[in-house]
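Asker:
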Amino acid sequence: MSEFNQAKFESKAKELVAEHLNDEVDEKDVIDEKDVSIVWFSNVGANAKAMLESDLDHDCRLFTVTYFGEDGEYIVDVYSYVGWIKFNEEEL
């Protein structure tokens with residue numbers, strides 16, 4: 017098992033999300049890695065997870081990419097934005 021490389025993981029995560037988005041759009045609307053942003057990232061040992069988004073995704077979805085370093089496996093989860101709920105501290 018090789019040492020975890022954050023830059024390599026971030027690039028691969030963006031690539032996987034861009035590939036997923038490109039499967040859904042017309043060929044003229046190509047989404048590149050540079051069109052995907054990392055919103056959140058965490059890593060423990062050889063494993064990592066990132067939440068990503070793209071302004072070019074008209075469905076306003078969030079994506080998580082999980083990397084299992086020991087297995088060399090990536091998993092992409094897709095989440096649809098439904099809405100938000102506001103909580104005031106005094107009400108809790």
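Using my numbering, read the sequence shown as starting at 17 and increasing by one per residue. Quick reminder that beta carbons are idealized off the backbone N, C-alpha and C, glycines included. Since this is a predicted model, take the numbers as computed values, not measurements.
Ser-70: buried (16+ other C-beta within 10 angstroms of its C-beta) or exposed?
Answerer: What you label residue 70 is simply residue 54 of the sequence shown in a count that begins at 1. Per the 10 Å Cβ criterion, buried.
Asker: From the DSSP output, which residues share a beta bridge with Lys-50?
Answerer: Sequence index remark: in the sequence shown, residue 50 carries index 34 (1-based). Partner(s): none; Lys-50 has no beta bridge.
Asker: Just curious, the alpha helix (DSSP H) that Phe-25 is in, first and last residue?
Answerer: The residue given as residue 25 occupies position 9 in the sequence shown. Segment 22-38, the alpha helix (DSSP H) holding Phe-25.
Asker: Have a look at the DSSP bridge pairing and note the partners of Asp-71.
Answerer: Counting from 1 along the sequence shown, the entry for residue 71 is found at position 55. Answer by DSSP bridge pairing: none, since Asp-71 is not bridged.
Asker: DSSP on Glu-19, reduced to helix/strand/coil?
Answerer: What you label residue 19 is simply residue 3 of the sequence shown in a count that begins at 1. If DSSP states are grouped into helix, strand and coil, Glu-19 belongs with coil.
Asker: Can you check DSSP and say which residues form a bridge with Lys-65?
Answerer: Taking the first residue of the sequence shown as position 1, residue 65 is located at position 49. Residue pairing by DSSP places Lys-65 opposite Ser-58 and Thr-82 in a beta bridge.
Asker: So, do the stretch 94-102 and the stretch 71-85 have three or more beta carbon pairs nearer to each other than 8 Å?
Answerer: Yes, the stretch 94-102 touches the stretch 71-85.
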